[in-house]
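Let me begin by presenting the structure, written as structure tokens, before commenting on it.
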Amino acid sequence: MVELTIDGIKLEAPEGSMVIQAAHEAGVYVPHFCYHKKLSIAANCRMCLVDVEKAPKPLPACATPVTNGMIVHTRSEKAIAAQKDVMEFLLINHPLDCPVCDQGGECQLQDLAVGYGGSTSRYKEEKRVVSAKSMGPLISTEAMQRCIQCTRCVRTGEEIAGIQEVGMVNRGEHAEITTFVGRAVESELSGNMIDVCPVGALLSKPFHFKARSWELGRRRTISPHDSLGANLVVHTKRDHVLRVVPFENEAVNECWISDKDRFAYAGLYQDRLEHPMIRENDGSWREASWNDALQMIVHGVKAIQEKFGNDQIGAIGSATSTTEELALLARLTRALGSENVDFRLRQTDARFDQALTGVPWLGMPLTELNQLDRVIVIGSFLRKDHPLMAQRLRQAVKQGAQVSFIDSAADDPLFTQVAGRMTVAPSQIANAVAEVSVALAQLRNQTPSDSYQGLEASEQAQTIAQSVASGERVAVFLGNMAVASDQASVIMANAAALAKATNAKLGFLTAGGNTVGGYLAGATPQNGGLTAEQMLAQSLRAYFVLNVEPSLDSDLGERAVETLKGATLAVALTPYRSAAQDWADVMLPIAPFTETSGTFVNAEGRAQSFKGVAAPVADSRPAWKVLRVLGNLFALDGFEEETSETVRDTVLSSNILSRLSNDIAAAPAVLPAATTLERVTEVPIYRTDSIARRSEPLQQTPASALPTARMAAATLADLQLVDGDKVRVRSAQGEVQLFVQLDASVATGCVRIAAAFAETAALGSAFGQLTVERV
């Protein structure tokens, strides 16, 4: 530690830290623009000039290391004069049109100009004009002439998102920030450039000119879009959500959020179901009162119970529902005498639950991701499935961590380097994990497990084994694709064996905002109950479907819709009309997460409760209240709660961490390889849930482009196809027509086709075998 004095305050600071960091730790504010605590030092705005004793001239506080005995003055006459001079230069070309600027009221330049700017300008020449740049549907650059070249956006792209999509061209007063020629900004973390911009140069395009900052109410909430549970601040006007920005929480999302968290709100008010609806005998819909709709459900369920039995009732939730909603859905189903309840719509392995000994979770706090030195990620589209977890691992790689991947599509994680990679067909992921275990045993001159008898380790497996063998803080993570696999139990068993052999922590990255919460809520089948896959594969008489679009959220696609159509009574609890109008008999309008209270439990087991940030639309009601009232109308015990907090405390009363376990009961094994084309399925980042799918700005991005049949060159050659051909793709369930796209990242013998699109819903299973022929 180094001792120094700042504005008369004696303090200690770590050796190598900068004056501005020491000052801020001591509560002394130093004006700045280019400095950001999460980014590298640029020292190009010079606004942070301070007076350091014995220095011949003012020094930039952001680029001046602390030294022992240093005496710094941030408010001396010399320092303030230097800061005012810098402000005058910054304002030379800056347009003085704050009343019309969308950044007005929350502009760092505007705030500092009040304290350090002059009342008049000595600059009489013409100001320069900078043309707007095309950065895609999310970021507006209409006011790029306001840029002060702080380069925060450039550094955010390079250092946080991991990709340089913007940069600076030209020099002097002609310098400007621009994108690469003909390209938009496509990073899944691009919206953070808006947050770090200290002026009005980069703005949110969906929010542009919607409201002024002082008109907005600000309320905290939690993101439901992925398992990180990012902390958000929602800006509302007249009970209408207009903008979402991050709430800083170092333990969860730091000061960043993904573009899905930021821009999905644009889908909140599209296609809303405003009133309870009942389907007439002729198939038409009529608006009904809440009482009429609920009474119809009660009478219909009771008739089915009497005629067909309790086990003909099924309940299906989603991982974006709150813990309270899933708990009451499970409680209602069991009180009606059925164990058919599940929220895992893409899980296909019937042996999965038997392999678990507790609630699967990340296996560590999120902050430990930054501290790992060796990592293996199995079956994950990491950047798109878990963008902020990928960001934490990106920072770990910069510090020397080595990350290896076992997958079926070698997407670029945007790390400075990847230690090792095995890209294999989905049916071979379990064997690839086993190969690493075999290579590890050979590396240590040990005999491989009998379970892997005859298995030879490939060169890639040996590379991964050498990497993990050299680490001390090691983790093995199972991604969404691995857990959704029809071989998930074997993949888990092999991963657990590998983790044990390397003294590593085994973790599940988990899908959705509340997968851990769903398990804790008991929303999984017990005592012989059916999984969501089984319920939608074999027709039941009555269904409760909570917050789900079956054709897009279920692994069965269109087949799920046909199953629900065949039911005697299908009840949809949904915020969106089009999500259920094709198959439901009763539609109940429920509130999305912004209009209800509840709790999400993220991948690390952190329970985060939130309140509604806006009033429910029309006749919408919080789903937990609807389910509680249904319990009352059925005259069932255990539905007396008056608040969501009471429901939460019932579910999460015990120590959450004691209920989490990644111990796997299944035995390791080697599986036979498939002999035909295999499907590699991703759920694109902006197609994962009903809110994001209705966000027009997100659907305009390349990440939401219509699906294609993506194949490696060798696969195309075997099928005698070329890039751009139109093909018919058939699965055991159905067929679709798609255009072929050459994709070198896809494993040979596989076809990569995105799910969660109406255009591919007919194919069904994400792990089915396919045939492909030219149309």
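Be aware that the sequence shown starts at 3, since it is given in my numbering, and climbs by one per residue.
Note that CB positions come from ideal geometry on N, CA and C, so glycine has one too.
Please read all numbers here as calculations on a predicted model, not as lab measurements.
### Message
So for Pro709, helix, strand or coil by DSSP?
### Response
Walking along the sequence shown from the start, residue 709 turns up at place 707. It is coil, neither helix nor strand.
### Query
If we ignore side chains and look at the alpha-carbon of each, how far apart do Ala329 and Leu632 end up?
Start at 1 with the first residue of the sequence shown, and residue 329 comes out as number 327. Start at 1 with the first residue of the sequence shown, and residue 632 comes out as number 630. As the crow flies, the alpha-carbon of Ala329 is around 14 Å from that of Leu632.
### Message
Could you check whether the Cβ of His176 sits closer than 8 Å to any heavy atom belonging to the ligand ATP?
### Response
Inclusion of the ligand ATP in the displayed structure is not the case, the ligand content being empty and no account of it being possible.
### Task
Mark Tyr688 as exposed unless 16 or more other C-beta atoms lie within 10 angstroms of its C-beta, in which case mark it buried.
Here residue 688 corresponds to residue number 686 of the sequence shown, with the count starting at 1. Its Cβ being crowded by 16 or more others within 10 Å, Tyr688 is buried.
#### Entry: Chain-order list of residues whose beta-carbon lies under 7 Å from that of Ala295 (same chain, five-residue window excluded)
For this step, residue 295 is matched to residue 293 along the sequence shown. Closer than 7 Å at the Cβ level, and outside the excluded window around Ala295, lie Pro278, Ile280, Val588 and Leu590.
#### Entry: Identity of the residue in Glu326, Phe510, Asp409 and Asp228 nearest Asp651 by Cα
Within the sequence shown, the letter at position 649 stands for residue 651. Answer by Cα proximity: Glu326.
### Query
Are Arg608 and Ala253 close, meaning C-beta to C-beta below 9 Å?
For the purposes of this step, residue 608 is identified with residue 606 of the sequence shown, where counting begins at 1. For the purposes of this step, residue 253 is identified with residue 251 of the sequence shown, where counting begins at 1. Yes, these two residues count as a Cβ contact at 9 Å.
### Cα-Cα separation between Ile259 and Leu331, rounded to whole angstroms
What you label residue 259 is simply residue 257 of the sequence shown in a count that begins at 1. What you label residue 331 is simply residue 329 of the sequence shown in a count that begins at 1. When only Cα atoms are considered, Ile259 and Leu331 end up about 30 Å apart.
### Query
Exposed or buried, what is Ser656 when buried is set at 16 or more other beta-carbons lying within 10 Å of its beta-carbon?
Translated into positions along the sequence shown, residue 656 becomes position 654. The Cβ neighbour count for Ser656, taken over all protein chains shown within 10 Å, is under 16; the residue is labelled exposed.
### Message
Between the segment 543-562 and the segment 296-308, can you find at least three pairs of beta-carbon atoms closer than 8 Å?
### Response
yes
### Query
Below 8 Å, can you find three or more Cβ-Cβ pairs linking the segment 508-523 to the segment 479-493?
yes
### Query
For Thr576, which of Leu371, Thr710 and Val619 has the nearest alpha-carbon?
Here residue 576 refers to the residue found at position 574 of the sequence shown. The option with the nearest alpha carbon to Thr576 is Val619.
### Task
Please name the residue in Ala758, Leu654 and Val615 whose C-alpha comes closest to that of Arg696.
Reading the sequence shown from its first residue, position 694 is the one you call residue 696. Here the closest residue by C-alpha is Ala758.
### Message
Any contact between the segment 175-186 and the segment 106-119? By contact I mean 3 or more CB pairs, one from each, below 8 Å.
### Response
They do not touch, by the three-pair rule.
### Message
Excluding the 5 residues flanking Gly766 on each side, which residues of the same chain have their C-beta closer than 8 Å to its C-beta?
### Response
Taking the first residue of the sequence shown as position 1, residue 766 is located at position 764. Answer for Gly766: Asp557, Leu558, Gly559, Glu560, Arg561, Ser733, Ala734, Gln735 and Gly736, listed in chain order.
### Query
For the putative contact between Arg661 and Val361, defined by C-beta atoms under 8 Å, what is the C-beta separation to the nearest angstrom?
As a working note, residue 661 is residue 659 in the sequence shown. As a working note, residue 361 is residue 359 in the sequence shown. About 5 Å; that satisfies the 8 Å criterion.
### Task
For Leu384, I'd like the list of residues in its chain whose CB is within less than 6 Å of its CB, leaving aside the five on either flank, ordered along the chain.
Numbered from 1 along the sequence shown, position 382 holds the residue referred to as residue 384. For Leu384, where only same-chain residues beyond five positions count, the Cβ hits under 6 Å are Ala392 and Pro415.
### Thr223 versus Gly231 - alpha carbon distance
Here residue 223 corresponds to residue number 221 of the sequence shown, with the count starting at 1. Here residue 231 corresponds to residue number 229 of the sequence shown, with the count starting at 1. Straight-line Cα distance between these residues: approximately 10 Å.
### Query
Does the beta-carbon distance from Thr601 to Ser611 come in below 9 Å?
Counting from 1 along the sequence shown, the entry for residue 601 is found at position 599. Counting from 1 along the sequence shown, the entry for residue 611 is found at position 609. The answer is yes: Cβ separation under 9 Å.
#### Entry: C-alpha gap between Leu457 and Ala764, whole angstroms
As a position in the sequence shown, residue 457 is number 455, starting the count at 1. As a position in the sequence shown, residue 764 is number 762, starting the count at 1. Between Leu457 and Ala764, the C-alpha separation is close to 37 Å.
### Query
Is it right to say Trp626 is buried, meaning 16 or more other beta carbons lie within 10 angstroms of its own, or is it exposed?
Here residue 626 refers to the residue found at position 624 when the sequence shown is read from its first residue. With 16 or more other Cβ atoms within 10 Å, it is buried.
### Query
Would the segment 337-353 and the segment 515-533 be scored as touching if the rule is three or more Cβ pairs under 8 Å?
yes
### Message
According to DSSP, is Ser767 part of a helix, a strand, or is it coil?
### Response
Counting from 1 along the sequence shown, the entry for residue 767 is found at position 765. Ser767 falls in the coil class under three-state DSSP.
### Query
Quick one: any contact between the segment 269-277 and the segment 402-409, if contact means 3 or more CB pairs under 8 Å?
no
### For His237, the three-state DSSP class (helix, strand or coil)
In the sequence shown, the residue the question calls residue 237 occupies position 235. Of the three classes helix, strand and coil, the one that applies to His237 here is strand, per DSSP.
### Where Asn172 sits in the DSSP three-state scheme
Counting from 1 along the sequence shown, the entry for residue 172 is found at position 170. It is coil, neither helix nor strand.
### Message
Going by DSSP, what residue range makes up the alpha helix (DSSP H) through Trp287?
### Response
Locating residue 287 in the sequence shown gives position 285, where the first residue counts as 1. According to the DSSP assignment, Trp287 belongs to no alpha helix (DSSP H) but to the beta strand (DSSP E) extending over Trp287 to Glu289.
### Query
Terminal residues of the continuous beta strand (DSSP E) containing Lys12?
The count along the sequence shown starts at 1 and reaches residue 12 at position 10. Note, Lys12: beta strand (DSSP E), Ile11 to Ala15.
### Message
I'd like to confirm the pairing. Which residues does DSSP put opposite Gln147 in its beta bridges?
### Response
The count along the sequence shown starts at 1 and reaches residue 147 at position 145. According to DSSP, Gln147 bridges with nothing at all.
#### Entry: For Ala605 and Ala477, the rounded distance between their alpha carbons
Residue mapping note: residue 477 aligns to position 475 of the sequence shown, counting from 1. Residue mapping note: residue 605 aligns to position 603 of the sequence shown, counting from 1. In a straight line, the C-alpha of Ala477 is about 15 Å away from that of Ala605.
### Message
So if DSSP puts Pro248 in a beta bridge, which residue, or which two residues, is it bridged to?
### Response
Along the sequence shown, read from residue 1 onward, the residue named residue 248 stands at position 246. In the DSSP output, where bridge partners are listed per residue, Pro248 has Leu234.
### 7 Å Cβ shell around Gln468 - same chain, five flanking residues per side excluded
Against the sequence shown, residue 468 aligns to sequence position 466. Cβ within range, chain order: Leu445.
### Query
Buried or exposed: which applies to Gln356, given that a residue is buried once 16 or more other Cβ atoms fall within 10 Å of its Cβ?
Here the question's residue 356 lines up with position 354 in the sequence shown. Exposed.
### Query
Okay, do the segment 161-172 and the segment 47-59 touch, 3+ Cβ pairs below 8 Å being the bar?
no
### Task
Taking all protein chains shown into account, decide if Asp261 is buried (16 or more other Cβ within 10 angstroms of its Cβ) or exposed.
Residue 261 sits at position 259 when you count from the first residue of the sequence shown. That one is buried.
### Query
Can you name the start and end residues of the alpha helix (DSSP H) that Lys627 belongs to?
Numbered from its first residue, the sequence shown carries residue 627 at position 625. From DSSP, the alpha helix (DSSP H) with Lys627 extends over Ala625 to Leu635.
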